[in-house]
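Asks: For reference, the structure I am asking about is given below.
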Amino acid sequence: MKKASLFILVLGIVSFILGGCLTCEKKEYTFELTGKNSGKLTIRYINIMSVMDDSTDVSADDFEELVNTYLYGDQLESDYPDAINIQKNLYEEDSMLCAEVTMEFNDLASVKLFQYDKKSPYMLALANALDTESYYESNGTFGGENMPLVFWPTDLKTLTLQTQVTVPDETSVSLLDQYRQWKEK
Numbered sequence: 001m002k003k004a005s006l007f008i009l010v011l012g013i014v015s016f017i018l019g020g021c022l023t024c025e026k027k028e029y030t031f032e033l034t035g036k037n038s039g040k041l042t043i044r045y046i047n048i049m050s051v052m053d054d055s056t057d058v059s060a061d062d063f064e065e066l067v068n069t070y071l072y073g074d075q076l077e078s079d080y081p082d083a084i085n086i087q088k089n090l091y092e093e094d095s096m097l098c099a100e101v102t103m104e105f106n107d108l109a110s111v112k113l114f115q116y117d118k119k120s121p122y123m124l125a126l127a128n129a130l131d132t133e134s135y136y137e138s139n140g141t142f143g144g145e146n147m148p149l150v151f152w153p154t155d156l157k158t159l160t161l162q163t164q165v166t167v168p169d170e171t172s173v174s175l176l177d178q179y180r181q182w183k184e185k
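Residue numbers (the numbering used here): 1 to 185.
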């Protein structure tokens, strides 16, 4: 047990040190339940940006990572390996770079939802050692810091959640200019 905890801690530190500076301000999740365990998930990434690395602007590298790893790459397919029909799109909205990902699922677990039994609420855990998202709002109930789960009643067919990822500051660089240049090519 101690080895597993130590491994997770080391993995988290290494990911933080070696990880890119690509981030976004907020994420919006919309789960549309169309069957007993199936549906469609839409994730919106709002205000995609780069964070300076020791006062060095690395936004060009971060935009390249966004396009190659996420838009054209298979990172999202790796994050949601059991989801099907994954579609990705970058776009400008309200002078910010945003992205939208849609996917279909045949099992709640494919999109990280859980339901203990048919009478239990739908649940989504926000507690992940490598996650940097924090609860912002939803049409469900948040269990708080001691129980970082969002619960939705079983009669809801559309589950929504918004999380805060990064608060923009003087070290944040919007990727909108890189997107505009890339789109012109």
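From the three backbone atoms N, C-alpha and C, an ideal C-beta is built for every residue, glycine too.
Quick caveat: nothing in here was measured; it's all calculated off a predicted structure.
Helix, strand or coil, according to DSSP, for valine 173 in the structure here?
Replies: Three-state DSSP puts valine 173 in a strand.
Asks: Quick one: residues in its chain with C-beta nearer than 6 Å to the C-beta of threonine 160, no 5 flanking neighbours on either side, listed in chain order?
Replies: Thr30, Ser138 and Asn139, listed in sequence order.
Asks: So if DSSP puts lysine 26 in a beta bridge, which residue, or which two residues, is it bridged to?
Replies: Lysine 26 is bridged to Ile46 and Gln164.
Asks: Terminal residues of the continuous beta strand (DSSP E) containing leucine 76?
Replies: Per DSSP, leucine 76 belongs to no beta strand (DSSP E); it is in the alpha helix (DSSP H), 75-79.
Asks: What number of angstroms, rounded off, separates the C-alpha of glycine 39 from the C-alpha of asparagine 85?
Replies: So the two alpha carbons sit approximately 11 Å from each other.
Asks: Buried or exposed: threonine 158, going by 16 or more other Cβ atoms within 10 Å of its Cβ?
Replies: Classification for threonine 158: exposed.
Asks: Among Asn37, Val67, Tyr122 and Asn89, which has the Cα closest to the Cα of isoleucine 43?
Replies: Of the listed residues, the one whose Cα sits closest to isoleucine 43 is Asn89.
Asks: Can you give me the start and stop residues for the beta strand (DSSP E) that serine 134 sits inside?
Replies: From DSSP, the beta strand (DSSP E) with serine 134 extends over 134-138.
Asks: Might you give, ordered along the chain, the residues of its own chain that have their beta carbon closer than 7 Å to the beta carbon of phenylalanine 142, omitting 5 neighbours on each side?
Replies: Once the five neighbours on either side are set aside, the close Cβ partners of phenylalanine 142 are Tyr135 and Val150.
Asks: Work out the CA separation of lysine 119 and threonine 154 for me, nearest whole Å.
Replies: Computed Cα separation, rounded: 7 Å.
Asks: Is leucine 156 helix, strand or coil when you go by DSSP?
Replies: Coil.
Asks: Look at the Cβ atom of threonine 102, then the Cβ atom of leucine 176, and state whether they are nearer than 9 Å.
Replies: For threonine 102 and leucine 176, no; Cβs fall outside 9 Å.
Asks: Within a Cβ cutoff of 7 Å, which residues of the same chain sit near tyrosine 45, ignoring the five residues on either side of it in sequence?
Replies: Counting only Cβ-Cβ distances below 7 Å, and skipping sequence neighbours, we find Cys24, Lys27, Cys98 and Ala99.
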